[in-house]
Amino acid sequence: MMSLMRKYGFEADFFVEEEEEAEEEETPEEPDHVEVKLKTVFGLRTDVIGNVDFSINQELIYPVEGLIVMHNVVSNEQKFMYLPDRCKLIFIKLSYTKKCLATIEQYFRSLLIGIYDLRTLERRKEIPIPRTFGVRRIIDVTFSHDSRYLYILTEAEEYLILMLPLTETDFFIEGYPSCPGYHSAIVCISSDPSMGTRIAVGAEFYILIMTREPKSDELTITQTIRLDFRTISMSHFYSGCLIIGTDNNEIILIVNGKIKNRQNAHYAELLDSYLTQPQLEHERLKYELQDPKFVIEEKKVLHMFIHSTGLAYAIGHRVYVFEKVAVHKYERKTLLTVPRTMYDETFSPIHALTIDDRKETVVVTCQHPQIYIGIHIVPESLKTKRVDFAPLGALLHEKEITCAAVCTWKPVIMTGSKDFTVRIWNYKSCKVEVCCRYDDAIRDVALNNTGYLAAMAFTNEVRLVQIFVDDYLPVKKFHFPMCNSIKYANYGHILAAAYGNTVSLVSPYLFHVVHHLRGNNGNVMGISWTVDDRGIVSCADDGMICYWNVMNGQEIYKIETNQSFRAVCITTALPETIYAASQTGSIHVFQNKKKINEVRVPMRKRPLPLVDIVMFRSDQMLFAVNSKGEFYTIGLPLFMYNEPCFRVKLFVTRCNRILLSYDGLLLIAITDGGTLVVCSLENIEERLVPVDEVLLHRDDIVIPRKEVLKQRKNIKFLETKLKRAQREYMMQILQCEKTDIKHLNKVHRSYCTAVTELRTTNIELERRQHEELTQVNYQLDCIRHDQAKEMTALNEHYTDRMMAETTKFNNLRDELLSLRDEYGTKLLNAENTLIDTIPEFQEDFKKKLDHRRVLLREMMKLINDKKIEFFDYCRVTDDRNYKILIQTQVDFVEELKRQKNIRRATHAEHDLQEEIFHRFTSRKEMMERKIQMGKELYVTYAELKETLTKKYLALQIDYNDREHAIDQKEFRIVELGEKNESLEKFKYALDEKIIELHKAIAPKDVQIAEKIKHILEMEHELIGLHYSNEHLHLQLDEVKTRDMSYKKELATEKHRTRGARQCYADILTNIFDVNKTIEDPLELRREVKKFFERYANDNVLHEYLAVIPEEKDYFQRNRVCIENIVRSNDNVQRELDEKPMVKKFKRERRLLRRELRCLRSINKVLQENPEDENLFDILAALTHKLHRK
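The numbers in the sequence shown follow my numbering, run straight up by one, and end at 1192.
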């Protein structure tokens, strides 16, 4: 590989990282080290283009972390292909032969092509893209149809196509796709099916056909097709024909460089390169009328995919599937939709699309990490074309998994993620058993050893929950904010929660806090229980490790360091040893309150922080993982010497936590990419602690009592329903027997009627034959008479003519006689056939009855044979058991007699004989037990006999039911045939009616259009009238404001007149007072002078004019005097009130009121009759009336 990279001009800085890696000291492998092998991986990488496809063995191929997974959907098994370290996977493409896989990988700033063999799951080739081409972005990758060439579309300053021959030397053939006058983006490429060295390049407004000539080192442009649309996706319909998806929801077929037809991608029902554009428009309009309310959000036609039996493309979150019905002709069968998930409020667009034409399945991926599977062709029995995709396998986490926990009793894992979901995974069945979403972030989870209880740490609280079948039931909440770690004790009776610098111990059964352990200065990051649950160890980010006594909550000892720890674990054997993982990538070993060793995990020169550590219960092996996702298996103990360390690279993203199953056979890991990995550990037999075989095999669940009672009620209801159904079934059997008898009677009657009808038809035919014969004889007689007359006439006139006519007559007579004989034979044959028809019908019916009787006899014979065989077997068994019983009793009696004789003969051996007697007594008991067993066996055989008898009766009933079902089906077939004929006639009549209705509807469309146009005109006029109405309202408001101002001015003038009158009265009063002093000239002069000084100034008059009548109108207080004074001026006051201006204002107000009433009537008419044709006449009349007034 390095020689190839140097050959293509790579500089020395590419090898810096590899040289650094080569300089690292690798630990030699030991033959007994622990091997970590992948078992199951739950996840998907969405940043890889083409991240899903099918292999030749119908295995699903998709990338997960640093792996390429081949998943067998049927057996739910996975195979893995490992990607090299430090590579970033960009693109995956499977060849058309499905035998090799091409990957585009990025190493730092260089690109590398990897070719994998799918049969051996090995990396066959590594071809670097030379740096002479510069740093490029990969747009599209495709194989030729014969899988001999690989085409790569790249982009830098200009577009470049690299052609890689896979069967030749690894060199690149270059091609520069460019069209003079166009500077648009190139989006896709497609290889020609018939010629591997020809490809089509799709740009936004043109398509280029590029070909490699023989013995040429470059791709040349052979044809340029200019377009008026933007190309989004493209594929070869067949050689010389391209199918293109645009950004405006269109599918376009280009044949030999010319646009053949184009149609709407959503409404397309048929894709055919021979269809004309008018036919396609007719189909599109027809489908739009059927489905006018369908709204399309996205308009880009993506992922054009053509396979051997069909075609598919995607628009937004929908996939349109077509089936190949003829050569170059595809018909749409299915519309698949990606459903909404618990994460997306809107639909997620499709990221990749593939089809397995053997299993007829469609698989897609979206922007969130989940694979969806759907049916390829919907069966006609479903009567729909629209179906939804279903998630393939378990529902995956959308975002990174932050926490996890394993169970002791059950094979389950509990995980929490940043997508606010908590799930329980069964790693044996590979399914998600419980999934629930919350509104708060999940910081940590813990599972009780029974699997019935769990704990969840949120931002502000810790919740104790009970696990049900499909939900979590909250039981208790504790205010422990920002909790970093929670963990149940080994026996499950205490829960430890670490938050801040405190570790709280909670009883999950009594729901109270047992102790608060405060001793750390920093945030507690990890906790670990001792094997007997009497102690707990905590580590903090300030480097402090505390060992606590759980019984009294006291601190046993404390260790202070200058490190920051993330995880801690403690051994089970004495003396207890504490292992802590630090941020500097080293493991610290503590024993007896002292630090005894510090081991640096071998990695690169720059130390990486350790994320988590976990230890076997046997204290012989430790697993660690760093922030780059690298596993390390380390042998223990570490305080004696540094044990060998083995590195396993599995992840691309950060690994957050690792766990061990209780039996120590599985290693579980979670990552930032939302991946859950289950690995099996091998070569660990000597490092395991034995566990009970019942553990990790329980699958019982907790169900609420209400649901149990509800289910029991449902079971009882179903039992009663079954009993009722059984009774109904028996009634149906009896009814069927009655119907069978009726059916047989009906058949017999029909047979009799058929025979009578045949007899009547035979008689009728004989009558008709007799009538026809008489008629023929009469005609012959008539002909003879005519011929005799003619003969006499001919004899009289012409002798020669007579001879000729005689011969002619003789010939005619011979023909008639032959015709009569032939017709007579035909009539006799018809009569014979009619006579033979009745016996044939009788024979056929008898044959059918005989055949059924033979079948019944054979079935009855077989049943009787089985019955006789069973009875013989029971009889033989009974005889054998009876003989054994008799023989046993005889043997026992004889043995007893022999023992008694021996005892009488030899009394000296009494003790020995007594012992023998006891022995034979036990033997007797044994024989009695055997006899009892024989009796029980006899009872068993009797029960078996009874069950077989019941089965015989059931089989006989089943036989009768099937006979009845056969008869019913035959009768049903006849009825359905008649109904089908009537429906065909009805269909033909309806088609004719539809054609007539279409013809009747056609002329009415013009009238509807005219009416719509007239309505629109009237609406415009109505809008104008509304505007005029609003204008008149404004004028009315203006007139009202003017009227109010005039009223105020009139009131002011009245007030000033009243003030002037008051001033005039005061002047007269003062003059009257002055007249009293007329006799005294000096007094008169003085009064006149005062009078003049008072009234010579205008201010007095202004005061009178501005006076307020409510305060200073003293004329009102002296009404009698004022009335006497101004009685003479009443007529003058009346004239002043009726001025011309006041009359004019009143007249204008009356006119405005009339106009307002008229406008209101117009508005009412418009509201009541908005569609009246006489509306304009009414409006004209009202307007004329208004102007006239």
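Ideal Cβ positions, reconstructed from N, Cα and C, are used throughout, including at glycine.
Proximity winner among Glu818, Arg660, Pro180, relative to Ile416 (alpha-carbon distances)
Against the sequence shown, residue 416 aligns to sequence position 413. It is Arg660 whose Cα lies nearest to the Cα of Ile416.
Based on the DSSP output, what are the partners of Asn264 in its beta bridges?
Stepping through the sequence shown from its first residue, residue 264 is reached at position 261. Beta-bridge pairing links Asn264 to Leu256.
Start and end of the beta strand (DSSP E) containing Ser150?
Indexing the sequence shown from 1 puts residue 150 at position 147. Per DSSP, Ser150 belongs to no beta strand (DSSP E) and is neither H nor E.
Whose CA, out of Ser187, Tyr475, Ala203, lies closest to the CA of Ser194?
Looking up residue 194 in the sequence shown gives position 191. With distances taken between Cα atoms, Ser194 lies closest to Ala203.
To the nearest angstrom, report how far apart Tyr955 and Leu940 are at their CA atoms.
Locating residue 955 in the sequence shown gives position 952, counting from the first residue. Locating residue 940 in the sequence shown gives position 937, counting from the first residue. Their backbone Cα atoms lie some 22 angstroms apart in a straight line.
With three or more C-beta pairs closer than 8 angstroms as the rule, is the stretch 312-320 touching the stretch 350-357?
yes
Taking the straight line between their C-alpha atoms, what separation do you get for Ala968 and Leu725?
As a position in the sequence shown, residue 968 is number 965, starting the count at 1. As a position in the sequence shown, residue 725 is number 722, starting the count at 1. Going by the C-alpha atoms only, they are around 22 angstroms apart.
Inter-residue Cα distance where the pair is Leu63 and Leu305:
Taking the sequence shown and counting its residues from 1, the one referred to as residue 63 is at position 60. Taking the sequence shown and counting its residues from 1, the one referred to as residue 305 is at position 302. So the two alpha carbons sit approximately 21 angstroms from each other.
Measuring CB atoms only, is the stretch 604-623 touching the stretch 582-589, in the sense that at least three cross pairs come out at less than 8 angstroms?
The stretch 604-623, when compared against the stretch 582-589, does touch it at the 8 angstroms Cβ threshold.
Beta-carbon separation of Trp532 and Asn493 under 9 angstroms?
Numbered from 1 along the sequence shown, position 529 holds the residue referred to as residue 532. Numbered from 1 along the sequence shown, position 490 holds the residue referred to as residue 493. Taking 9 angstroms as the Cβ cut-off, Trp532 and Asn493 qualify as a contacting pair.
What are the partner residues of Glu62, as DSSP defines its beta bridges?
Mapped onto the sequence shown, residue 62 falls at position 59. Looking at the DSSP assignment, Glu62 forms a beta bridge with Asn75.
Would you call the CB atoms of Leu338 and Phe392 closer than 9 angstroms?
Counting from one through the sequence shown, the residue named residue 338 turns up at place 335. Counting from one through the sequence shown, the residue named residue 392 turns up at place 389. For Leu338 and Phe392, no; Cβs fall outside 9 angstroms.
Determine whether the beta carbon atoms of Glu334 and Glu272 lie at a separation below 9 angstroms.
Here residue 334 is taken as the residue at index 331 of the sequence shown, counted from 1. Here residue 272 is taken as the residue at index 269 of the sequence shown, counted from 1. Cβ atoms of Glu334 and Glu272: closer than 9 angstroms.
Might you give, ordered along the chain, the residues of its own chain that have their beta carbon closer than 7 angstroms to the beta carbon of Tyr110, omitting 5 neighbours on each side?
For the purposes of this step, residue 110 is taken as the residue at position 107 of the sequence shown. Excluding positions up to five away in sequence, the list reads Arg89, Cys90.
First and last residue of the beta strand (DSSP E) that includes Trp412?
Mapped onto the sequence shown, residue 412 falls at position 409. No beta strand (DSSP E) contains Trp412, which DSSP labels as neither H nor E.
So Ile164 packs on Met213, CB below 8 angstroms; how close in whole Å?
On the sequence shown, residue 164 is found 161 positions in, with the first residue counted as 1. On the sequence shown, residue 213 is found 210 positions in, with the first residue counted as 1. Contact flag correct, Cβ pair sits at about 7 angstroms.
Do Ala206 and Ile189 have their beta-carbon atoms positioned less than 9 angstroms apart in this structure?
Position 186 of the sequence shown, counting from 1, holds the residue named residue 189. Position 203 of the sequence shown, counting from 1, holds the residue named residue 206. Yes, the Cβ-Cβ distance between Ile189 and Ala206 is below 9 angstroms.
Using the C-alpha atoms, what's the distance from Leu747 back to Thr759?
Reading the sequence shown from its first residue, position 756 is the one you call residue 759. Reading the sequence shown from its first residue, position 744 is the one you call residue 747. Distance between the alpha carbons of Thr759 and Leu747 is about 18 angstroms.
What span of residues does the beta strand (DSSP E) with Tyr375 cover, start to end?
As a working note, residue 375 is residue 372 in the sequence shown. DSSP places Tyr375 in the uninterrupted beta strand (DSSP E) bounded by 374-378.
Three-way DSSP call (helix, strand, coil) for Gly529 in this model:
Residue numbering aside, residue 529 sits at position 526 when the sequence shown is read from its first letter. Strand at Gly529.
Which word fits Cys406, buried or exposed, when buried means at least 16 other C-beta atoms lie within 10 angstroms of its C-beta?
Position 403 of the sequence shown, counting from 1, holds the residue named residue 406. Label assigned to Cys406: buried.
Other residues of its chain near Glu24: CB distance less than 6 angstroms, five sequence neighbours each side excluded
Along the sequence shown, read from residue 1 onward, the residue named residue 24 stands at position 21. Per-residue confidence for Glu24 stands at a pLDDT of 41, beneath the threshold of 50, marking its modelled position as unreliable; no derived number is given.
Hey, would you say Glu158 sits closer than 9 angstroms to Arg139, going by beta carbons?
Locating residue 158 in the sequence shown gives position 155, where the first residue counts as 1. Locating residue 139 in the sequence shown gives position 136, where the first residue counts as 1. Yes. Within cutoff.
Of the residues Tyr430, Trp428, Lys490, which one's Cα is nearest the Cα of Arg446?
Position 443 of the sequence shown, counted from the start, is the residue given in the question as residue 446. Considering only alpha carbons, the answer is Lys490.
Can you tell me whether Gly248 is helix, strand or coil according to DSSP?
Taking the sequence shown and counting its residues from 1, the one referred to as residue 248 is at position 245. Strand, per DSSP.
Would DSSP call Ala1199 helix, strand or coil?
This structure does not reach residue 1199, given that the chain is present from 4 up to 1192, and the question cannot be answered.
Excluding the 5 residues preceding and the 5 following Val604 in the sequence, name in chain order all residues of the same chain whose CB lies nearer than 8 angstroms to its CB.
The count along the sequence shown starts at 1 and reaches residue 604 at position 601. The beta carbon of Val604 sits closer than 8 angstroms to the beta carbons of Gly588, Ser589, Ile590, Leu613, Ala627, Asn629, Tyr635, Ile637, Cys648 from its chain, once the five residues preceding and following it are set aside; these are given in chain order.
For Phe483, name the three-state secondary structure that DSSP assigns.
For the purposes of this step, residue 483 is taken as residue 480 along the sequence shown, with counting starting at 1. Note: Phe483 maps to coil in three-state DSSP.
Just the C-alpha distance for Leu70 and Ile59, rounded to the nearest angstrom, thanks.
Stepping through the sequence shown from its first residue, residue 70 is reached at position 67. Stepping through the sequence shown from its first residue, residue 59 is reached at position 56. Distance between the alpha carbons of Leu70 and Ile59: 19 angstroms.
DSSP state of Thr636 mapped onto helix, strand, coil
Residue 636 sits at position 633 when you count from the first residue of the sequence shown. If DSSP states are grouped into helix, strand and coil, Thr636 belongs with the strands.
To which residues does DSSP link Cys542 through a beta bridge?
Start at 1 with the first residue of the sequence shown, and residue 542 comes out as number 539. Looking at the DSSP output, Cys542 shares a beta bridge with Gly529, Ile548.
Should the stretch 470-478 be called in touch with the stretch 442-462, which here means at least 3 C-beta pairs below 8 angstroms?
yes
Can you give the Cα-Cα distance for His310 and Val324, rounded to whole angstroms?
Working through the sequence shown from its first residue, we reach residue 310 at position 307. Working through the sequence shown from its first residue, we reach residue 324 at position 321. Roughly 11 angstroms between the two C-alpha positions.
Is it true that the stretch 518-526 meets the stretch 536-545, where meeting means three or more beta-carbon pairs spaced less than 8 angstroms apart?
yes
If I'm right that Val571 touches Gly529 with Cβ under 8 angstroms, what's the distance once you round it to whole angstroms?
Residue mapping note: residue 571 aligns to position 568 of the sequence shown, counting from 1. Residue mapping note: residue 529 aligns to position 526 of the sequence shown, counting from 1. Here Val571 really is in contact with Gly529; their C-beta atoms are around 5 angstroms apart, less than 8 angstroms.
Exposure label - His379; buried when at least 16 CB within 10 Å
Residue mapping note: residue 379 aligns to position 376 of the sequence shown, counting from 1. Buried, since its Cβ has 16 or more Cβ neighbours within 10 Å.
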